[in-house]
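Residue numbers (our numbering): 220 to 313.
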């Protein structure tokens, strides 16, 4: 691993650490109102492209954090879809 690849790994670790607070908040509250479907789509697209680039070039410091972020963003999407349906069903049943 060259010194530049180590920088990408450090950057990825810091990004995952920062993103983990968002995931923890979503997990605890199930509130995703401030995260739009457009934001989720753009984030998933960007991280997927980084994942592909890192994997093609075999740069662990890029594709591993991108994989973790894709999983986290997918969880946010799951919570948003699941709990929006629950809100709609609760509103309809009232």
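Glycine is no exception: its CB is placed at the ideal position from the N, C-alpha and C atoms. Please read all numbers here as calculations on a predicted model, not as lab measurements.
Spanning the alpha carbons of residue 227 and residue 281 requires a straight line of approximately 6 Å. By the criterion of a C-beta distance shorter than 7 Å, residue 287 is surrounded in its chain by 235, once the five residues flanking it on both sides are discounted. The straight-line gap separating the alpha-carbon atoms of residue 275 and residue 249 is approximately 35 Å. With a 10 Å radius around the Cβ and a threshold of 16 neighbouring Cβ atoms, residue 243 comes out exposed.
Inter-segment contact for the region 262 to 272 and the region 287 to 296 is present: three or more beta-carbon pairs are separated by less than 8 Å.
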